[in-house]
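To start, the structure itself, in structure tokens.
2 protein chains.
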Amino acid sequence: MRQPVDLKKAFRLINHGPVTLITSAHGDARNIMAASWTMPLDFDPPKVALVIDKNAYTRELIEASGEFALNIPARAIAPAILKAGGSSGRAGDKFAACGLQTFAAERVSAPLVEGCVAWLECRLIPEPHNQEAYDLFIGEVVAAHADKRVFIDGRWRFEEDKLRTLHYVAGGTFFQTGDEVEAD
Amino acid sequence: MRQPVDLKKAFRLINHGPVTLITSAHGDARNIMAASWTMPLDFDPPKVALVIDKNAYTRELIEASGEFALNIPARAIAPAILKAGGSSGRAGDKFAACGLQTFAAERVSAPLVEGCVAWLECRLIPEPHNQEAYDLFIGEVVAAHADKRVFIDGRWRFEEDKLRTLHYVAGGTFFQTGDEVEAD
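Which chain is which? The protein sequence lines are A and B, in order.
Residues 1 to 184 (full-length UniProt numbering) make up the first sequence, in order.
Residues 1 to 184 (full-length UniProt numbering) make up the second sequence, in order.
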């Protein structure tokens with residue numbers, strides 16, 4: 001059900017501000033964390049900006065490998081997002097602990113997560129000052145994919161609740177992406 | 001219906017990724033633009049990151065004044081968001097053209113927009129390399145307010161559609177912030 005997304009349209013996968021799962025790998029290690037603080041940064045070539053705390057194991061893996069992926073989870077795996085956000089991968093494989101399966105990315109070493117509806121494979125653009133002063137990381141999107149049941153002709157088209165993306169609030173609660181509003 | 005928001009909780013106003021209206025002012029000039037590419041950058045003191053194109057009049061005003069505001073519009077003013085996103089303030093006052101009323105901020109010169117449900121008053125943290133290389137701006141939130149009908153005890157609580165926040169997709173279409181999902 002996955003199809004490639006034209007890189008020029010990759011920004012649309014996160015333009016609406018969904019919660020993400022950041023995956024990373026280096027050598028035999030891999031990790032996953034939940035992150036709401038991400039945004040598109042450019043169209044072409046597509047770039048993203050994201051915030052990763054200094055204590056995060058994910059940060060070590062991204063700085064070592066220079067790669068990561070943003071996975072956009074569907075509502076059906078909301079419990080796994082909370083688990084991924086509430087524990088550290090230093091203690092053991094978090095994918096197994098969260099009950100998440102993965103598949104191989106095309107262009108990066110970071111694994112991609114099943115149960116998501118979009119995936120952005122990214123290469124880190126090192127910016128040491130931003131990383132140190134603001135925990136702010138910038139990446140170039142080098143491949144993108146989406147579930148063709150909900151991302152159709154370059155646009156999100158949600159119908160079933162279980163395939164909707166999510167927006168994180170606080171305290172274990174999300175909003176699902178709601179109805180379309182035509183403003184014209 | 002506005003109440004102050006504790007600065008430590010200001011990030012929650014944009015944590016779910018809503019579309020924003022960026023306002024700015026310098027001398028007699030003021031402007032408004034629509035922006036989806038914003039995110040929280042820190043909790044305390046709260047910071048935000050946002051992307052502003054080199055051609056934007058808003059960018060001139062922010063660089064000159066060192067201040068801006070993020071206004072979080074409710075669904076009821078969706079048409080005005082599109083107008084604000086589709087024209088330049090260099091040609092004349094965009095607030096009037098969009099049919100938007102404003103009120104004075106507490107700590108910055110940028111006006112705040114009626115019809116919104118949250119407002120973050122920000123001071124620019126100059127980062128010339130980010131601004132030049134990535135169109136990326138960083139601000140510290142110095143005051144925050146929210147509509148107490150929908151932001152209650154530090155949490156978004158949406159009921160009526162017209163007061164829901166919005167997430168921008170493409171082509172004049174938004175998603176409204178949807179139902180709460182409890183994942184615990």
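Every residue, glycine too, gets a C-beta built ideally from N, C-alpha and C.
Just so we're clear, the structure is a prediction, and the values are computed from it rather than from any experiment.
Rounded Cβ spacing between residue i and residue j (contact assumed at less than 8 Å)
i          : j          : result
Gly-172(B) : Glu-114(A) : With a Cβ gap of about 33 Å, Gly-172(B) and Glu-114(A) do not count as contacting.
Phe-68(B)  : Cys-122(B) : 5 Å
Leu-70(A)  : Ile-22(A)  : 6 Å
Lys-47(B)  : Ile-138(B) : 6 Å
Ile-72(A)  : Ile-14(A)  : 7 Å
Leu-41(B)  : Ala-35(B)  : That belief does not hold up - the Cβ atoms of Leu-41(B) and Ala-35(B) are roughly 15 Å apart, past 8 Å.
Phe-174(B) : Ala-78(B)  : 6 Å
Element boundaries [alpha helix (DSSP H), containing residue i]
i          : result
Ile-138(B) : Segment 136-147 is the beta strand (DSSP E) holding Ile-138(B); no alpha helix (DSSP H) there.
Phe-95(B)  : 94-98
Ile-22(B)  : From DSSP, Ile-22(B) is part of no alpha helix (DSSP H) but of the beta strand (DSSP E) over 20-26.
Pro-79(A)  : 78-85
Amino acids of chain A, ordered along the chain, whose beta-carbon sits closer than 9 Å to that of residue i
i         : result
Met-39(B) : Gly-17, Ser-36, Trp-37, Thr-38, Met-39, Ala-49, Leu-50 and Val-51
Exposure of residue i, with buried meaning 16 or more beta-carbon neighbours within 10 Å
i          : result
Ser-88(B)  : exposed
Arg-90(A)  : exposed
Gln-176(A) : buried
Met-39(A)  : buried
Ile-62(A)  : buried
Lys-9(A)   : buried
Gly-99(A)  : exposed
Pro-45(B)  : exposed
Pro-18(B)  : buried
Pro-111(B) : buried
Within chain A, the residues that residue i reaches when beta carbons sit closer than 7 Å
i              : result
Thr-177(B)     : His-167, Phe-175 and Gly-178
Trp-156(B)     : Val-169
Arg-75(B)      : Val-181
residue 244(B) : Nothing about residue 244(B) can be read from this structure; chain B reaches only from 1 to 184.
Chain B contact residues for residue i, given Cβ-Cβ distances below 7 Å
i         : result
Leu-13(A) : In chain order: nothing, as chain B lies at least about 11 Å away.
Ala-78(A) : Val-181 and Ala-183
Asn-71(A) : Ordered by position in chain B, no residue passes the 7 Å Cβ test against Asn-71(A), which lies about 16 Å from the chain.
Nearest-angstrom Cα separation, counted from residue j out to residue i
i              : j          : result
Glu-159(B)     : Val-150(B) : 8 Å
Asp-6(B)       : His-145(B) : 8 Å
Arg-107(B)     : Ala-84(B)  : 24 Å
Ile-52(B)      : Ser-65(A)  : 30 Å
Gly-27(B)      : Glu-60(B)  : 12 Å
Tyr-57(B)      : Gly-92(B)  : 11 Å
Phe-103(A)     : Ala-25(A)  : 13 Å
Lys-148(A)     : Gln-3(B)   : 43 Å
Asp-153(B)     : Leu-82(B)  : 31 Å
Ala-133(A)     : Met-1(B)   : 37 Å
Ala-96(A)      : Asp-179(A) : 33 Å
Trp-156(A)     : Asn-130(A) : 32 Å
Gly-86(A)      : Lys-94(A)  : 10 Å
Tyr-168(A)     : Asp-135(B) : 26 Å
Ala-105(B)     : Cys-116(B) : 13 Å
Ala-74(B)      : Asp-161(B) : 9 Å
Pro-128(A)     : Val-142(A) : 21 Å
Phe-11(B)      : Ser-109(A) : 32 Å
Asp-165(A)     : Trp-119(B) : The sequence given here places Thr at residue 165(A); Asp does not occur at that position. Those two C-alpha atoms are separated by around 25 Å.
Thr-20(B)      : Ala-29(A)  : 38 Å
Leu-163(B)     : Glu-140(A) : 35 Å
residue 258(A) : Gln-101(A) : Nothing in the structure corresponds to residue 258(A), since chain A is present only between 1 and 184.
Ala-170(A)     : His-16(B)  : 9 Å
Trp-37(B)      : Trp-37(A)  : 11 Å
N- and C-terminal bounds of the beta strand (DSSP E) containing residue i
i          : result
Pro-126(B) : Element bounds for Pro-126(B): n/a, residue is neither H nor E.
Glu-166(B) : A quick correction: the sequence has Leu, not Glu, at residue 166(B). 166-170 is the extent of the beta strand (DSSP E) around Leu-166(B).
Gly-178(B) : 173-182
Ala-104(B) : Per DSSP, Ala-104(B) belongs to no beta strand (DSSP E) and is neither H nor E.
Pro-46(A)  : 46-51
Leu-70(B)  : 67-73
Phe-158(B) : Note, Phe-158(B): premise wrong, no beta strand (DSSP E); not H, not E.
Asn-15(A)  : It is not in any beta strand (DSSP E) - Asn-15(A) carries neither H nor E in the DSSP assignment.
Asn-31(A)  : 29-35
Asp-6(B)   : Segment: none, Asp-6(B) is in no beta strand (DSSP E) and carries neither H nor E.
Asp-42(B)  : 38-43
Interface partners of residue i on chain B, CB under 8 Å
i          : result
Arg-164(A) : Gly-178
Chain D within 7 Å of residue i, Cβ atoms only
i         : result
Arg-59(B) : Within the model displayed, chain D is absent; protein chains A and B are what it includes.
Listed by chain order, chain A residues near residue i by CB distance under 8 Å
i         : result
Asn-55(B) : Ordered by position in chain A, no residue passes the 8 Å Cβ test against Asn-55(B), which lies about 14 Å from the chain.
Asn-31(B) : Going along chain A, no residue has its Cβ under 8 Å from Asn-31(B), so there is no contact; the nearest lies around 20 Å.
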